[in-house]
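Okay, structure first, notes after.
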Amino acid sequence: MQNIPIRNEEGRRIRQAFVAREGYKIVAADYSQIELRIMAHLSNDEGMINAFAEGKDIHRATAAEIFGVELGEVTSEQRRSAKAINFGLIYGMSSFGLSNQLGIGRAEAQKYMDLYFQRYPAVQQFMTDIREVAVEKGYVETLFGRRLYLPDIKSGNAILRKAAERVAINAPMQGTAADIIKVAMIGIDNAIRDNDESK
1 MQNIPIRNEE GRRIRQAFVA REGYKIVAAD YSQIELRIMA HLSNDEGMIN AFAEGKDIHR
61 ATAAEIFGVE LGEVTSEQRR SAKAINFGLI YGMSSFGLSN QLGIGRAEAQ KYMDLYFQRY
121 PAVQQFMTDI REVAVEKGYV ETLFGRRLYL PDIKSGNAIL RKAAERVAIN APMQGTAADI
181 IKVAMIGIDN AIRDNDESK
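And the structure:
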């Protein structure tokens, strides 16, 4: 199962419907910050790769850079803002969208974006490059070679084109994450079947 909601009452009730039969267990697993890790790989950004390699909390590290404080001095509010920036920017969020999400002015949001891309310049270059690839080929791919076609990437309608550009940035990460999770689920299922003592 993937993406069963939990943050509202209805979601919690849905989750209660899944019960392991007697003698069995339901196991929950999660890849920590998988999409950001994939972005680090795709962009080959040294700062992001090093943060993960050193076991740093990527949101705290980003907050320290953006807010100009030491890692240990990052507040929970700064970390929350950095998390919104980390995920928002890799999904193509604009300064307008970021300002709305964080409840700040557009100029301040743009400043945060500029600081983010100073910290992770290869991420910005990847975003530029993948948009160009999408325009040239009409699609983007996951690391597994699965394609997502973007018919609106050359649209004369700016709204449709910008939406396709955001998908072009997002799809290689989200799609690769989905591919990795599916491969892992198949591997787990095979391991369970191979070790099932009830056969």
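Sequential numbering from 1 applies to the sequence shown in the UniProt record's numbering.
For glycine and all other residues, C-beta sits at the position ideal for the given N, C-alpha and C.
Bear in mind the structure is a predicted one, so any value in this text is a computation, not a measurement.
Residue 151: buried (16+ other C-beta within 10 angstroms of its C-beta) or exposed? exposed
Buried or exposed by the 16-neighbour rule on C-beta atoms within 10 Å, applied to residue 18: exposed
List the residues that DSSP assigns as beta-bridge partners of residue 139. 149
Three-state class that DSSP yields for residue 190 in the structure shown: Correct three-state label for residue 190: helix.
Under 8 angstroms: do the region 104 to 111 and the region 69 to 76 share three or more Cβ pairs, one atom per stretch? no
According to the Cβ coordinates, are residue 190 and residue 122 closer than 8 angstroms? no
Please classify residue 173: does DSSP put it in a helix, a strand, or coil? helix
Entirely enclosed alpha helix (DSSP H) segments - the region 49 to 121, minimum 4 residues: With a minimum length of 4 residues, the continuous alpha helix (DSSP H) runs that stay inside the region 49 to 121 are 58 to 67, 76 to 90, 95 to 102 and 106 to 119.
Under 7 angstroms Cβ to Cβ from residue 171, same chain only, skipping five residues before and after it: list those, please. Within the same chain, residue 171 has close Cβ partners 140 and 148.
With residue 10 as the anchor, note down where its alpha helix (DSSP H) starts and where it stops. 9 to 16
Helix, strand or coil for residue 154? Go by DSSP, reduced to three states. Here DSSP, grouped into helix, strand and coil, assigns residue 154 to coil.
From 135, 81 and 136, pick the residue whose C-alpha is nearest to that of residue 113; which is it? 81
Flag this pair as yes or no: are the beta carbons of residue 116 and residue 85 separated by less than 8 angstroms? yes
Could you check the C-alpha separation between residue 40 and residue 48 for me, to the nearest Å? 6 angstroms
Just to check my reading of the structure: residue 166 and residue 92 have Cβ atoms closer than 8 angstroms, yes? What is that Cβ distance to the nearest angstrom? 3 angstroms
Kindly list the residues whose CB is nearer than 7 angstroms to the CB of residue 6, restricted to its own chain and excluding five residues on each side of it in sequence; keep chain order. So the list reads 12 and 15, once near-sequence residues are dropped.
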